[in-house]
Structure formats: C-alpha cells, structure tokens
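Under our numbering, the residues of the sequence shown are numbered 426 to 575, in order. What follows is one structure encoded as structure tokens, with my remarks underneath.
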Amino acid sequence: MAGEQPAPAQRHRCEACHRPGPLRLGAGTEVEVGTVAAALERRPLVACPAGHDRSPGAALSAGAAAAALQLPLARRRWRRGDRCANCGEALLLPVRRTRRTVTVTGEALPVHTLHLDVPMTRCADCGWDQIPVRSHDDLERAVRAVYLPA
Ligand SMILES: [Zn+2]
Ligand SMILES: [Zn+2]
Numbered sequence: 426m427a428g429e430q431p432a433p434a435q436r437h438r439c440e441a442c443h444r445p446g447p448l449r450l451g452a453g454t455e456v457e458v459g460t461v462a463a464a465l466e467r468r469p470l471v472a473c474p475a476g477h478d479r480s481p482g483a484a485l486s487a488g489a490a491a492a493a494l495q496l497p498l499a500r501r502r503w504r505r506g507d508r509c510a511n512c513g514e515a516l517l518l519p520v521r522r523t524r525r526t527v528t529v530t531g532e533a534l535p536v537h538t539l540h541l542d543v544p545m546t547r548c549a550d551c552g553w554d555q556i557p558v559r560s561h562d563d564l565e566r567a568v569r570a571v572y573l574p575a
C-alpha cells in the first residue's frame, strides 16, 4: 500500500494444482511438430508454491492469437488444392520455409517472443504469404507444445 499498483498476477493459477502465484519468465523451449518448428526465448510460468513449471492457459491463448494475426492460413478448396485467404485465387507457387518472429502480449502477461519456422506459399495474384492447409494442424500443435512441453 505504499502507493504502488497491486500486482494483477494473483489472477494466474498453476495449471497442475490450481494454487495462485505470480507470473515469471522461465527458460526458453523449442519444439518441432511435423512441418513446423516453434521456440520461445523465455516461457511465461506461474511461480507455483509447489514447484510446478506450467504456463498459464492465458499465455497459450495469447501466443496462438498472435501467431494467427501474423501468419495467414490458406483456405481449403475441396479437391482442388489450397486457395488464397485474401483473394481466393489458387495457390500454385512452391512452398518455402519462412521464419517469423511474433511478439506476444496479453493482459497481465509478460511480453515474450515466439519464433516460428513454417512452410509458406505466396499468392501469385495478390502477393500474400500464407501457410498451406496441410501444415495448419502442425502449427496449432507446435504452438501448444512450446507453451506446454511434456
Ligand atoms: Zn502447482
Ligand atoms: Zn491472393
């Protein structure tokens, strides 16, 4: 009560035992899931009094949302390959490995950095880069695994 804002951190709870604790940034993690590699420079953790090192669900949601904003997903075209999420044209250019650095922010979360190495294809019509449909599941699983390593 010395004129400081009360920390909002107590809203976070350990995913393992549900004890409340402040958030801290722990060591980084790196995962590879199929066609997608993901790495966190520092991983947000709830400092659990029982010593569990779990990331809060809010960190995973914020990371997934930040990735979705920066990495457009191609649309599925039934039996005819992928099409552009922006203009709808067929995506015919070869897939290239692309690295993206995503800054993750969220209410009461420490700002942290997520690196993604993903296949992307560029629309020949409008120039949008996007992730081919066959890698969408890999992306979702890689983002989950980098926050919640086994
Ligand atoms: Zn715990
Ligand atoms: Zn396009």
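For each residue, glycine too, the CB sits at the ideal point set by N, CA and C.
**Message:** Tell me which residues share the same chain as Thr530 and place their Cβ nearer than 6 Å to its Cβ, disregarding the 5 neighbours each side in the sequence.
**Reply:** Val536
**Prompt:** Would DSSP call Leu494 helix, strand or coil?
**Reply:** helix
**Message:** Distance check for Leu465 and His402, CA to CA, integer angstroms please.
**Reply:** The chain is shown only over 426 to 575; residue 402 falls outside these bounds and no answer can be derived.
**Request:** For Leu500, collect the residues of the same chain with a Cβ closer than 8 Å to its Cβ; drop the 5 residues on either side in sequence, then sort them by chain order.
**Result:** Note that residue 500 corresponds to Arg in the displayed sequence, not to Leu. Closer than 8 Å at the Cβ level, and outside the excluded window around Arg500, lie Asp507, Arg508, Cys509, Ala510, Gly513 and Val558.
**Request:** Tell me where the alpha helix (DSSP H) around Val564 begins and ends.
**Result:** According to the sequence shown, residue 564 is Leu rather than Val. Unbroken alpha helix (DSSP H) run through Leu564: His561 to Tyr572.
**Item:** Touch test, the stretch 486 to 501 against the stretch 439 to 446, Cβ-Cβ under 8 Å, three pairs minimum
**Value:** no
**Request:** Check the DSSP bridge columns for Ala464 and list the partner residues they point to.
**Result:** Glu455 and His540
**Asked** So, are the CB atoms of Glu440 and Gly482 less than 8 Å apart?
**Response** yes
**Request:** Please name the residue, chosen from Ala489, Gly552, Cys548 and Leu534, that lies closest to Val527 on a Cα-to-Cα basis.
**Result:** Ala489
**Request:** State yes or no: is the C-beta of Leu450 within less than 8 Å of the C-beta of Arg468?
**Result:** yes
**Item:** Own chain residues within Cβ distance below 6 Å of Gly459, not counting five before or after
**Value:** Asp563
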